[in-house]
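Quick note, the sequence shown lines up with residues 1 to 107 if you use my numbering.
Backbone N, C-alpha and C fix where the C-beta goes; we use that ideal spot for every residue, glycine too.
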Amino acid sequence: MNVLDRVAMLDQLRAFLVGQQSVVSLARWAFDQFYAEAEGKVSYEAGYRSILAQTLDDLMFGDDPHFQIARTEVEHMVQQLETAMYREDSDIDDELEDEPDVDVDDE
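What follows is the structure, given as structure tokens:
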């Protein structure tokens with residue numbers, strides 16, 4: 001199984017920033033990586049699953065006029081990946097972790 005790590009992600013983002021890759025190519029690459037992980041063909045670098053998945057999610061429709069990725073957004077992604085800290089991976093989505101517990105009354 002291939003592992004998608006921060007270095008590979010940064011390589012793609014930097015290639016876009018220096019004009020070696022189009023937004024269409026970047027979006028296709030992100031789309032392919034996102035679904036390869038969903039199919040079990042690719043795994044994310046341990047400890048960085050959340051930021052890698054979120055970055056792919058942000059990129060994969062970046063060629064759509066409604067979701068066009070701006071250069072400044074890609075620069076911000078590079079900064080986030082460069083400064084990302086290791087954290088234990090979990091199967092629970094980050095958004096769900098932040099939601100308060102809800103009591104359900106059985107009536």
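For Y35, the secondary structure class from DSSP, reduced to helix, strand or coil, is helix. In summary, F67 is exposed, with fewer than 16 beta-carbon neighbours lying within 10 Å of its beta-carbon over all protein chains present.
Three or more beta-carbon pairs separated by less than 8 Å are not found between the stretch 78-91 and the stretch 23-41, which leaves the two stretches without contact. Excluding the 5 residues flanking it on each side, L17 has same chain C-beta neighbours closer than 8 Å at R71, V74, E75 and V78, in chain order.
Scanning its chain for C-beta atoms nearer than 6 Å, with the 5 sequence neighbours on each side dropped, one finds around Q21 the residues A15, in chain order.
Counting along the chain, V3 sits inside no alpha helix (DSSP H); it lies in the beta strand (DSSP E) bounded by residues N2 to L4. Nearest in C-alpha terms to G62, of all of D11, V24 and M1, is V24. By the neighbour-count criterion, in which 16 or more other beta carbons inside 10 Å mark a residue as buried, A46 falls on the exposed side.
Counted as a single uninterrupted DSSP element, the alpha helix (DSSP H) harbouring V78 occupies residues R71 to T83.
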